[in-house]
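So the mapping is simple: the numbering used here equals the position in the sequence shown, first residue as 1, plus 97.
Beta carbons: idealized from backbone N, C-alpha and C, even for Gly.
First the structure, in the form of structure tokens, and then the observations on it.
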Amino acid sequence: MAKSKKAKAKQTHENFDVKSFVEKTLRGAFKKTPMYHEAKRRAKREFFEESKHGKLMRRVHFECASCKGLFFDRKGAKEIAIDHILPVVDVEVGSADYHTYIQRLFCSVDNLQCLCNFKGERDGKKSCHKIKTAEENVQRREAEARRKLEKQE
Ligand SMILES: [Zn+2]
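Following this line, the structure appears as structure tokens:
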């Protein structure tokens, strides 16, 4: 997941990355689970608002568990992500086998939260999901560096 988008080379049958393909596919499948939908349902905030023409309009937002802001999740305005509180890839252990990956990905709804995940910055701040992911990646790199050091000793 830490790969930069710019450096991504075209996939061919020769350089095909099975692990990242499988993990990406599993992440897609996770969005079809009842746990995912339940986490979204818990964050859903619905209210009715009167339009200029006096019509009642249904407004649907999702509350970010971190900043408590309200965000959209609709075509053209996907601003949320369902986040694994305990990340799928353990920050200390790093990349693990498929079985561990699947167990951590398809976790209980109690380990899931809705976080804002908008593009770019708002009021000079990145989204809560991007901030959390960046922090986890720093921890992962530090743990990896520690493991390498321990091997050398
Ligand atoms: Zn937020």
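Inset, instruction - Please determine, among LYS116, ALA126, GLU239, THR230, the residue with the shortest C-alpha to C-alpha distance to VAL190. - result: In the sequence shown, residue 190 corresponds to position 93, counting from 1. For the residues LYS116, ALA126, GLU239, THR230, the minimum Cα distance to VAL190 belongs to GLU239.
Inset, instruction - Please find out if some non-hydrogen atom of ligand 1 comes closer than 8 Å to the beta-carbon of LEU212. - result: As a first step, residue 212 is located in the sequence shown; it is residue number 115 there, counting from the start. Checking every heavy atom of ligand 1 against the Cβ of LEU212, one is found closer than 8 Å.
Inset, instruction - Compute every distance between the C-beta of GLY166 and the non-hydrogen atoms of ligand 1, then say whether any falls below 8 Å. - result: Counting from 1 along the sequence shown, the entry for residue 166 is found at position 69. Because some heavy atom of ligand 1 lies under 8 Å away, the Cβ of GLY166 counts as near it: yes.
Inset, instruction - Answer yes or no: the CB of SER163 versus the heavy atoms of ligand 1, is any distance below 8 Å? - result: Mapped onto the sequence shown, residue 163 falls at position 66. The answer is yes for SER163.
Legend entry - Every unbroken beta strand (DSSP E) inside the stretch 178-243 [3 residues or more]: 209-213
Inset, instruction - Examine ligand 1 and report whether any of its heavy atoms sits within less than 8 Å of the Cβ of CYS204. - result: For the purposes of this step, residue 204 is taken as the residue at position 107 of the sequence shown. No, Cβ of CYS204 sits at least 8 Å from all heavy atoms of ligand 1.
Legend entry - Identity of the residue in CYS164, ILE179, ARG124 nearest ARG138 by Cα: Translated into the one-based positions of the sequence shown, residue 138 becomes position 41. For ARG138, the nearest C-alpha among the options comes from ILE179.
Inset, instruction - Measure the CB-CB distance between CYS225 and ALA140 and report whether it falls below 9 Å. - result: Stepping through the sequence shown from its first residue, residue 225 is reached at position 128. Stepping through the sequence shown from its first residue, residue 140 is reached at position 43. Contact: no.
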